[in-house]
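The sequence shown runs contiguously to residue 393 in our numbering. Each residue gets a CB set at the ideal place from its N, CA and C atoms; glycine is no exception. All figures in this text were calculated on a predicted structure; none of them were measured in a lab.
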Amino acid sequence: MTGSLKCVVAWSNERHLCDLVGDVLRDIAGVDEVRRLGDEAFAVWTAETPEALRDRLRVVVREGEGLLVVDFEVWSGHGGALDTEWLLRRGH
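As structure tokens, then:
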């Protein structure tokens, strides 16, 4: 699949927004292309542009909540908690 690595951050003071965003991300990119990074962020491999991805995710975001989508051109990771094999297959 042609694509790039994106980071999606979603936060809410009132509910578990990241769970909802994760469900939409898996529908968009597929289960194998999404990795959760802590409580509020995901790494996702997709051909969607950041703008298109943001627009598709907005359906679960309410007033006062936040959503940020970043497309990585250069990245690096460290630590055993990361899925290194998954990341290495996506451009490192």
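Our two residues, R327 and E334, have alpha carbons roughly 7 Å apart in a direct line. Per the C-alpha coordinates, the member of K307, L306 and I329 positioned closest to V360 is I329. Counting along the chain, the unbroken beta strand (DSSP E) around G367 starts and ends at G367 to D372.
Excluding five sequence positions before and after D372, the CB atoms of its chain that fall closer than 7 Å to its own CB belong to S305, K307 and P351, given in chain order. When secondary structure is reduced to three states using DSSP, L338 falls in the strand class.
Contact annotation: C319 and E341 have beta-carbon atoms nearer than 8 Å.
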